[in-house]
Every structure is written in C-alpha cells, then in structure tokens.
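**Q** Residue numbers (the numbering used here): 1299 to 1910. No residue lacks a Cβ here, since even glycine has one placed at the ideal position from N, Cα and C. It should be emphasised that the depicted structure is a prediction, and the values quoted were computed from it without experimental measurement.
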C-alpha cells in the first residue's frame, strides 16, 4: 500500500490517507498468541481482542467469535441506543459471515458476496447512500491472487482493482459530506494479516505475516510511524499500532467506547493523545504475583491507573510503566485475570493467568521498629529475659531506596545477672515439630561486626533452638566459626547432620541466609548470598532421628544465643560475646527454591514489598 501510494498508483482519495505499519498475531509465547491467518485475524479486527477472548483459532467453518467475551464493534454500536446506529457487513470471503453467527441482532444488513469483489463495492456504496453509520467492507481479490507472488501481474492488478473500488467508496462518502457538513466519517483501511514474499502465510509467524497496516482519513494522535516503512524486526514492529487498536478507534468515533471499568479491548483508541503499548504480564519468581509492564508515548502528564477485572487496584505516578499485583487466593491453582492500564484518555486490556502457589510465609519480622512484630501476628520475638534487653535499631539496613529503613542489632554482651542474653522467637505453631508441616524455610539478613569477632574457637550461635554446647544436641542451629564460616547444624542428642566448609561471610557486610529443611524428603539445604563471595550452597541428608529431633528444647529459636540463653555464659572466653545485626527474619511452611531465594536477595526489597 505504501509503495502504491508513493508511486501514485491509487486514486487520489487514497493518496491522502494517513498510512502506518501495524502488527497482528498477539505476543509470541503469551496467552495472546494466535495464528496469523484469515479467521483469527478477522476476529481481531471485529472485536479488538486476541484469541483468549474472541476464541477463533483457525480458518474452519465451525469457528465462532465468543459473543459474550468479545462482542463485535456492531454489538457495541447497537448498545448506544440513543444514536440508533445502522450497521452492515459486506464480505467477499465466505468464511467471515460464520464468525458472527453466535451474535444476534447486531447487524441490520449482512451481505455475503461469495468471492465477488464487485458485489462488495456495489452493496457498500448502496448502504452508504442509504444512511448506514457503521459499515465493514471486505475484499478478497488481493488475497486470492497472492499465491502467484506479490510481484506477479495478477496480484498487482488485484491490488489496483481493490484500490479503485475503495476509491469509489470514498467518493460516495465525499458526496454525502458535501451534501451535509455535519456528517463526520472515519475511514480505516487495513488487512487481517500480512503475506510473505511468496504471497503465503506460514506457521512460523515470521515478521512478514505479522505486519499489517492502518490507513485512516483522519490524523490519529496515537498512531505511530505514519509514512514510515514496515519495520525489519519484531521488536521494532511491536512499537507500532496493533490490529486490536482498530475496533476501539472506530467505537470512540461513534461515541460508543465502553468506560474504563468495562474496557476489555486489547488495543486502544488511536484518537487519544497518549499511546499505551506493549502491555505484557508475567508471573513472579515465587508464583505469588503478576508483574505488568507497558510503554508510554505522547502526553505523559497524567497518572496511570491499573484495574483488575474492572476494579481499580492502583493509581501510579505519571510516566509509570510497571506494576506488580500480589495475588491473594485461598489455595494453589490456576487463576485468570483481566488487567486494564489507563493513561491520558487511552486504555488497553490484557488477559493474564497465574499458576498460583500460596506463598506460605507464616511469620515475618521486618525489624524496622521495636518491639519487633510479626506481620501475621502468629509469633513473637523479644529479649530472652527482660533484664537483658540487648536489642537496638541500626539505621543502615541492607535494602535499597526507597525501602531502606532500620535493622535489629542483638548484642549478647548485654546480659542479666546470671549471664542470659539474646532474643527468642516463639511461634504459635512450631514448624519444626508440626506434623502437617512437611518442609520449612528460615530466611533472614545477617551482618557480623567488622572482624567477625565471634567466629573464633567454639564459635558463636547465630540462631539455635537447642543447647548448642555441642552440635550433637537435639535441635537445629546456625553457627559462626573461624574465617567467618557459617555451619548449618541439626542434632539428635547423640549425632549430627551438618553442612560445614561451604558457607563463608564477608565480615561487616549484609548477606542473606536461608536454612531449608525438607522433613518429608529428609534433607537440609543451606544458602548464603554474599555481596563479595557470591552464592554458596550446601546440603546434607537427614536421618529419621534428626528429623524427629528438629524441635530442640521446644522453647523457640534464639538469635545470637542458643535456646537456653546461656551459651556464651557457659562457653566463656571460648565463644566471645558480641553484636549481630538481623533484618527481615522470615519463616515459611514450605521449602523455598534456590531461584526464589536468589530473587529475594537480588530484589533489594523487603519481603513485605514482594509477597502478598
């Protein structure tokens, strides 16, 4: 079309059209992906949606547009009853009338021209003259001749004949507007899908098949790349308008565009001064949220609104292009949502689904304030004894702005008269012993002092629910030893399962620590994510006896002490007291994966910002 206009091989009325490249076929690998063939392409043009809504997946006679999920432009025009719009469809391809058979009462006239393009021109001209308001005219000659090649005489002649026919329609519209200046016609010229160099469509969905065009008799502010050549790669093509933009553009011209809360089009009205493009959704690493992204162009002065299933869930600052929606569901399963992003008078919607896994975060202590509180209110964290409160807040926690806040320092040098020190975490239901909890994860941020001074001789107790005089004692612990080594320990009372020689900290630097115990699978994994030493992992098999003894003393989990509160008192000089900094202490009732833990470490955000 662009070439024909440039060479003035089309009627003068077509030469004045605003022409731009566009794309179809949905997004590869996403829910919206659809074949670039006649049926799905035509369904998209009529409904402004991709296949998850219109449901047309092939070019067979049994395919129907889902009239409930994807009403056609005719249906929306008819909903504006005060306008009394007359609607018509005139088609040459015999496949197309079948697509609307599930939708009744929306077409005043439907003409099946059975492959005769002259019939399309004659009937459309007649209906324009009869005062119809919304007409869709479909020509088939170019597609029929395409099999001979795009440079063949037959194809070039078919294009020329179709252009001349469209010129006749434009001339008839011009006659009407000359007779009545109040008539305001929007004309859009397009195609259902592109063709490759040989005039065919392949299952590979190459860029030629996905490239279409939009030509309009009006200037459309949100239509990019007017007059430009077709992009050479997919990324550039997706910065163009989409085939789904056409239906909402038509409806806005008719004043029949639904309100934002009822907006389900996968494209936007191109009359808007803001362009919302490339709306995409993906599932977060922990499968507990949906991450939305989009691009904006044009007028970026107003806020961006995000809706889920028609209800506003966020109002973002002007220019925002991302939003994470935490999914809250009662159980694991596949959940589907319809998201809408609205900005500057433009709206675009997208279907998204998530194979949701309930996050299993049963306790979380952000440790930004004292007293320390569990966000789920099912655990406590407090000094082991009130007369030895070694807890204080330090200002330099591990998070990045704007999440940077405070962290908890537990100083075991502050002790009571008998030498007790440390903090103690107590759960209402202890994951180490609860029969229904088959796996659990302890995760937290840790920082030693600048020399790792407690990591000498018998070592320091980072966390423990046991008497840690020996690692053989029943329960679990993480100990700090020479060279700033962390050891992940479990004991039965007479033996141990321990990971040692695998995990080392950088003294005075924040690291993320995780102990993952699979009681059913009889295994323990230890993780250290260190800013200098990187990711360090280790694992050990657990015997039945070790699993049975995980509850330790049954008193809870001590921080910078063992569960007796007297570890340093008993060890004396062999285990020096000192300060350890903790942040975002969390307990899950499932085994987190290495990928999930890495995502926590690299996010630079507290769990309260990542989890529902």
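Checking 8 Å against the spacing of the C-beta atoms, do residue 1851 and residue 1861 come in under that value?
**A** Reading the chain shown from its first residue, position 553 is the one you call residue 1851. Reading the chain shown from its first residue, position 563 is the one you call residue 1861. Their beta carbons are under 8 Å apart, which means residue 1851 touches residue 1861 by this criterion.
**Q** What is the rounded straight-line gap between the Cα of residue 1318 and the Cα of residue 1400?
**A** Along the chain shown, one-based indexing puts residue 1318 at 20. Along the chain shown, one-based indexing puts residue 1400 at 102. When rounded, the distance between both Cα atoms is 33 Å.
**Q** Identify, in the order they occur along the chain, each residue of the same chain with its Cβ nearer than 7 Å to the Cβ of residue 1793, setting aside the five sequence neighbours on each side.
**A** For this step, residue 1793 is matched to residue 495 along the chain shown. So the list reads 1770, once near-sequence residues are dropped.
**Q** Measuring only the C-alpha atoms, how far is residue 1786 from residue 1832?
**A** Here residue 1786 refers to the residue found at position 488 when the chain shown is read from its first residue. Here residue 1832 refers to the residue found at position 534 when the chain shown is read from its first residue. Each residue's alpha carbon lies about 18 Å from the other.
**Q** Are the CB atoms of residue 1586 and residue 1622 within a distance shorter than 8 Å?
**A** Here residue 1622 refers to the residue found at position 324 of the chain shown. Here residue 1586 refers to the residue found at position 288 of the chain shown. No, the Cβ-Cβ distance between residue 1622 and residue 1586 is not below 8 Å.
**Q** Look at the alpha carbon of residue 1437 and the alpha carbon of residue 1473, and state the distance between them as a whole number of angstroms.
**A** The residue labelled residue 1437 in the question sits at position 139 within the chain shown. The residue labelled residue 1473 in the question sits at position 175 within the chain shown. Their Cα atoms are separated by approximately 22 Å.
**Q** Under 8 Å, do residue 1338 and residue 1354 count as touching if we go by C-beta distance?
**A** Indexing the chain shown from 1 puts residue 1338 at position 40. Indexing the chain shown from 1 puts residue 1354 at position 56. The answer is yes: Cβ separation under 8 Å.
**Q** Any idea which residues DSSP pairs residue 1321 with across the strands?
**A** Counting from one through the chain shown, the residue named residue 1321 turns up at place 23. In DSSP, residue 1321 forms a bridge with 1509 and 1540.
**Q** Around the C-beta of residue 1463, are 16 or more other C-beta atoms found within 10 angstroms, so that it is buried, or is it exposed?
**A** Translated into positions along the chain shown, residue 1463 becomes position 165. Buried: at least 16 other Cβ atoms inside 10 Å.
**Q** Residues in the same chain with beta-carbon distance under 6 Å from residue 1835, minus the five sequence neighbours each way, listed in chain order, please.
**A** Taking the first residue of the chain shown as 1, we reach residue 1835 at position 537. If we look at residue 1835 and ignore the five residues flanking it on each side, its Cβ neighbours are 1825.
**Q** When DSSP labels each residue in this structure, what does residue 1621 get in the three-state scheme?
**A** Residue numbering aside, residue 1621 sits at position 323 when the chain shown is read from its first letter. Correct three-state label for residue 1621: strand.
**Q** Below 8 Å between beta carbons: does that hold for residue 1371 and residue 1418?
**A** Taking the first residue of the chain shown as 1, we reach residue 1371 at position 73. Taking the first residue of the chain shown as 1, we reach residue 1418 at position 120. No, the Cβ-Cβ distance between residue 1371 and residue 1418 is not below 8 Å.
**Q** Residue 1790: buried (16+ other C-beta within 10 angstroms of its C-beta) or exposed?
**A** The residue you call residue 1790 lines up with position 492 of the chain shown. Buried.
**Q** From residue 1486 to residue 1357, what distance separates their C-alpha atoms?
**A** Indexing the chain shown from 1 puts residue 1486 at position 188. Indexing the chain shown from 1 puts residue 1357 at position 59. If you take the alpha carbons of residue 1486 and residue 1357, they lie about 24 Å apart.
**Q** What's the gap between the Cα of residue 1827 and the Cα of residue 1543?
**A** Taking the first residue of the chain shown as position 1, residue 1827 is located at position 529. Taking the first residue of the chain shown as position 1, residue 1543 is located at position 245. When rounded, the distance between both Cα atoms is 46 Å.
**Q** Three or more C-beta pairs closer than 8 Å, one from the region 1740 to 1749 and one from the region 1798 to 1809: is that the case here?
**A** Yes, the region 1740 to 1749 is in contact with the region 1798 to 1809.
**Q** For residue 1637, which three-state DSSP category applies?
**A** One-based indexing of the chain shown puts residue 1637 at position 339. Here residue 1637 sits in strand by DSSP.
**Q** Give me the residue from 1453, 1366, 1799 and 1886 with the minimum Cα distance to residue 1812.
**A** Mapped onto the chain shown, residue 1812 falls at position 514. It is 1886.
**Q** Taking DSSP as the reference, what is the three-state secondary structure of residue 1376?
**A** Residue numbering aside, residue 1376 sits at position 78 when the chain shown is read from its first letter. Helix, per DSSP.
**Q** If we call anything under 8 Å between Cβ atoms a contact, is residue 1396 one with residue 1361?
**A** If you number the chain shown from 1, residue 1396 lands on position 98. If you number the chain shown from 1, residue 1361 lands on position 63. Yes, the Cβ-Cβ distance between residue 1396 and residue 1361 is below 8 Å.
**Q** Can you tell which of 1470, 1714 and 1452 has the C-alpha that lies nearest to the C-alpha of residue 1429?
**A** Taking the first residue of the chain shown as position 1, residue 1429 is located at position 131. Comparing Cα positions, the closest option is 1470.
**Q** Could you say which of 1416, 1382 and 1578 lies nearest to residue 1327 if we only look at CA atoms?
**A** As a first step, residue 1327 must be located in the chain shown, where it is residue number 29. Of the candidates 1416, 1382 and 1578, the one whose C-alpha sits nearest the C-alpha of residue 1327 is 1578.
**Q** Which of the three DSSP states, helix, strand or coil, is assigned to residue 1689?
**A** Indexing the chain shown from 1 puts residue 1689 at position 391. Correct three-state label for residue 1689: strand.
**Q** Could you please give me the residues that DSSP links to residue 1759 through a beta bridge?
**A** Position 461 of the chain shown holds residue 1759. The partner list for residue 1759 (beta bridge, DSSP) reads 1777.
**Q** Taking DSSP's pairing of strands, which residues face residue 1810 in a bridge?
**A** Looking up residue 1810 in the chain shown gives position 512. According to DSSP, which records beta bridges pairwise, residue 1810 is partnered with 1743 and 1827.
**Q** Can you give me the C-alpha to C-alpha distance between residue 1617 and residue 1572, rounded to a whole angstrom?
**A** If you number the chain shown from 1, residue 1617 lands on position 319. If you number the chain shown from 1, residue 1572 lands on position 274. C-alpha separation (whole angstroms): 10 Å.
**Q** Identify the continuous alpha helix (DSSP H) that holds residue 1533 and give its terminal residues.
**A** As a position in the chain shown, residue 1533 is number 235, starting the count at 1. Per DSSP, residue 1533 belongs to the alpha helix (DSSP H) from 1532 to 1535.
**Q** Is the beta carbon of residue 1690 closer than 8 Å to that of residue 1876?
**A** In the chain shown, the residue the question calls residue 1876 occupies position 578. In the chain shown, the residue the question calls residue 1690 occupies position 392. Not closer than 8 Å, so no.
**Q** May I ask you to report which of helix, strand or coil DSSP gives residue 1858?
**A** In the chain shown, the residue the question calls residue 1858 occupies position 560. It is coil, neither helix nor strand.
**Q** Using 8 Å as the Cβ pair cut-off and three pairs as the minimum, do the region 1554 to 1562 and the region 1507 to 1514 touch?
**A** Contact between the region 1554 to 1562 and the region 1507 to 1514 is absent, because fewer than three Cβ pairs lie under 8 Å.
**Q** If you follow the alpha helix (DSSP H) that residue 1452 is in, where does it begin and where does it stop?
**A** Taking the chain shown and counting its residues from 1, the one referred to as residue 1452 is at position 154. Counting along the chain, the alpha helix (DSSP H) containing residue 1452 begins and ends at 1451 to 1477.
**Q** If you run the structure through DSSP and keep just helix, strand and coil, what is residue 1396?
**A** In the chain shown, the residue the question calls residue 1396 occupies position 98. Residue 1396 falls in the helix class under three-state DSSP.
**Q** Using only CA atoms, which one of 1753, 1335, 1777 and 1755 lies nearest to residue 1273?
**A** Not covered by the structure: residue 1273. The range shown for the chain is 1299 to 1910.
**Q** Can you tell me which of 1538, 1696, 1421 and 1528 puts its alpha carbon nearest to the alpha carbon of residue 1593?
**A** As a first step, residue 1593 is located in the chain shown; it is residue number 295 there, counting from the start. When each option's Cα is compared against that of residue 1593, the closest is 1538.
**Q** Write down the C-beta distance between residue 1475 and residue 1432 rounded to the nearest angstrom, noting that I regard them as a contact closer than 8 Å.
**A** Start at 1 with the first residue of the chain shown, and residue 1475 comes out as number 177. Start at 1 with the first residue of the chain shown, and residue 1432 comes out as number 134. About 16 Å separates the two Cβ atoms, so there is no contact after all.
**Q** Quick check: the region 1667 to 1680 against the region 1603 to 1610, are there 3 or more CB pairs under 8 Å?
**A** At 8 Å Cβ cutoff, the stretches do not touch.
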